[in-house]
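Visitor: I'd like to ask some things about the structure below.
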Amino acid sequence: MKNKYMNMSKQTQLTVDFLRERTNIRPKIGLILGSGLNGLAKDMDVRTSFSYSYIPHFPISTVDGHEGRLLFGTIGETEIMVMQGRFHYYEGYTMQEITFPVRVMKALGVHILILSNAAGGMNPDYKVGDIVLITDHINCFPEHPLRGKNDEAFGDRFPDMSAVYSPELIEQAEQIALQHQIALHKGVYVGTQGPSFETPAEYRMFRIIGGDCVGMSTVPEAIVARHAGMRCVAFSVITDMGIVGSIQKVSHKEVIKAAGDAEPKLSLLVKELITRNNK
Numbered sequence: 000m001k002n003k004y005m006n007m008s009k010q011t012q013l014t015v016d017f018l019r020e021r022t023n024i025r026p027k028i029g030l031i032l033g034s035g036l037n038g039l040a041k042d043m044d045v046r047t048s049f050s051y052s053y054i055p056h057f058p059i060s061t062v063d064g065h066e067g068r069l070l071f072g073t074i075g076e077t078e079i080m081v082m083q084g085r086f087h088y089y090e091g092y093t094m095q096e097i098t099f100p101v102r103v104m105k106a107l108g109v110h111i112l113i114l115s116n117a118a119g120g121m122n123p124d125y126k127v128g129d130i131v132l133i134t135d136h137i138n139c140f141p142e143h144p145l146r147g148k149n150d151e152a153f154g155d156r157f158p159d160m161s162a163v164y165s166p167e168l169i170e171q172a173e174q175i176a177l178q179h180q181i182a183l184h185k186g187v188y189v190g191t192q193g194p195s196f197e198t199p200a201e202y203r204m205f206r207i208i209g210g211d212c213v214g215m216s217t218v219p220e221a222i223v224a225r226h227a228g229m230r231c232v233a234f235s236v237i238t239d240m241g242i243v244g245s246i247q248k249v250s251h252k253e254v255i256k257a258a259g260d261a262e263p264k265l266s267l268l269v270k271e272l273i274t275r276n277n278k
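Under numbering that gives the first Met the number 0, the sequence shown has 255 at position 256, and the numbering climbs by one with no breaks.
What follows is the structure in structure tokens.
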């Protein structure tokens, strides 16, 4: 176990060195884009682009709707890095592999992490295509990204989770949505391992325990970002509804389409959020 965590630190540094040698961008904000949301990068002035397969120690995306590219560039005057596609527990990756890019982002100087995902809605006030600003999460993954010997260089052994999602960034996102008349819900995200969609009984259970939407990502990255001292904000696009009594069949193709339809509004929110935090 000791060697495993020493290797993680070494691998992080090797990856950081590799990227720094190949781009002049020094990002302060990082984005991880979920299913069908890769177009969020279209407003970005891309300076350097890497396939995940080209980056040392990076996993490879295996899911449709995840481009599998790491982009460096700018939005306005803000230098950013963007993951077009993420890694999931259901793909067979460990939690450490899933969250490895967050460690790399932190080591590169990123202090704000913006996450997006496609999610099933359980709150009856939601409908397909709505955007939800995540205020908290419920971790239902069978593994934890911080399990094992803690490396103090990465963060505290017992990180505080009282405000995983930055109240300041949440307030800014609400202000931007109001300014542009974008309907924006707030809610609690339930993270599960997948890859199957939820059964009616599972939707009912997740709603009872306090969930508003449910998905198969985001929670591991948010936990590690908090562990690393980064500020985090996250958005879910509701791509299907799990309201008991009206649940319909859902496919990954439909999820990608619904996420793509909501993308212009989410892109505007994220772009302005980045501009407000150009420091």
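Glycine residues also receive a C-beta, built at the ideal position from the N, C-alpha and C atoms. Small disclaimer: the values here were computed from a predicted structure and weren't measured.
When you compare the CB positions of Val-223 and Thr-73, do they come within less than 7 Å of one another, or not?
Guide: Against a cut-off of 7 Å, the Cβ pair of Thr-73 and Val-223 comes out as no contact.
Visitor: Terminal residues of the continuous alpha helix (DSSP H) containing Phe-49?
Guide: From DSSP, Phe-49 is part of no alpha helix (DSSP H) but of the beta strand (DSSP E) over 44-50.
Visitor: So, using beta-carbon positions, are Thr-11 and Ala-118 closer together than 7 Å?
Guide: In this structure, Ala-118 does not lie closer than 7 Å to Thr-11 by Cβ.
Visitor: Exposed or buried, Glu-197, counting other C-beta atoms within 10 Å across all chains shown (16 or more means buried)?
Guide: When all chains shown are included, Glu-197 counts as buried.
Visitor: Curious, which full-length alpha helix (DSSP H) runs of at least 4 residues does the stretch 154-233 contain?
Guide: Correct list: 166-178, 199-207 and 218-226.
Visitor: So who's on the other strand from Ile-74, going by DSSP bridges?
Guide: The partner list for Ile-74 (beta bridge, DSSP) reads Thr-77.
Visitor: Considering only residues of the same chain and omitting the five flanking positions on each side of Leu-183, which have a CB-CB separation below 6 Å?
Guide: Cβ neighbours of Leu-183 beyond the five flanking positions: Ile-130, Leu-132 and Ala-176.
Visitor: So Pro-144 packs on Met-80, CB below 8 Å; how close in whole Å?
Guide: Wrong, their Cβ atoms sit about 20 Å apart, outside the cutoff.
Visitor: Name the residue from Glu-201, Ile-207, Gln-174 and Asp-155 whose alpha carbon lies nearest to the alpha carbon of Met-229.
Guide: Closest option to Met-229, Cα to Cα, is Asp-155.
Visitor: Whose C-alpha, out of Met-240, Ala-261 and Ala-172, is nearest the C-alpha of Leu-272?
Guide: Here the closest residue by C-alpha is Ala-172.
Visitor: Let's test the definition: count the other Cβ atoms within 10 Å of the Cβ of Asp-16 and tell me whether it reaches 16, buried, or not, exposed.
Guide: Exposed: under 16 other Cβ atoms inside 10 Å.
Visitor: So which of Phe-49, Asp-211 and Leu-265 has the shortest CA-CA distance to Gly-33?
Guide: Among Phe-49, Asp-211 and Leu-265, the Cα nearest to that of Gly-33 belongs to Leu-265.
Visitor: Check whether the Cβ atoms of Gly-67 and Tyr-51 lie closer than 7 Å to each other.
Guide: Cβ distance < 7 Å, so Gly-67 and Tyr-51 count as in contact.
Visitor: Tell me Gln-83's beta-bridge partners as DSSP assigns them.
Guide: For Gln-83, which the question treats as bridged, DSSP gives the partners Leu-32 and Arg-68.
Visitor: Looking at C-alpha atoms only, which residue of Tyr-202, Glu-96, Val-45 and Val-163 is the closest neighbour of Asn-23?
Guide: Measuring from the Cα of Asn-23, the nearest candidate turns out to be Val-45.
Visitor: To the nearest whole angstrom, what separates the beta carbons of Val-218 and Phe-205, a pair I think is in contact under 8 Å?
Guide: That belief does not hold up - the Cβ atoms of Val-218 and Phe-205 are roughly 13 Å apart, past 8 Å.
Visitor: If you draw a straight line from the alpha carbon of Ser-8 to that of His-179, how long is it in whole angstroms?
Guide: Cα to Cα, the separation comes out at about 43 Å.
Visitor: Report the rounded CA-to-CA distance for Thr-287 versus Phe-49, giving the unit in angstroms.
Guide: Beyond the ends of the chain as shown, which are 0 and 278, falls residue 287; an answer cannot be given.
Visitor: Could you give the C-beta distance for Val-232 and Ile-113, rounded to a whole number, given that I count them as a contact under 8 Å?
Guide: Confirmed, about 6 Å.
Visitor: Is the CB-CB distance between His-110 and Pro-158 below 7 Å?
Guide: Cβ distance not < 7 Å, so His-110 and Pro-158 don't count as in contact.
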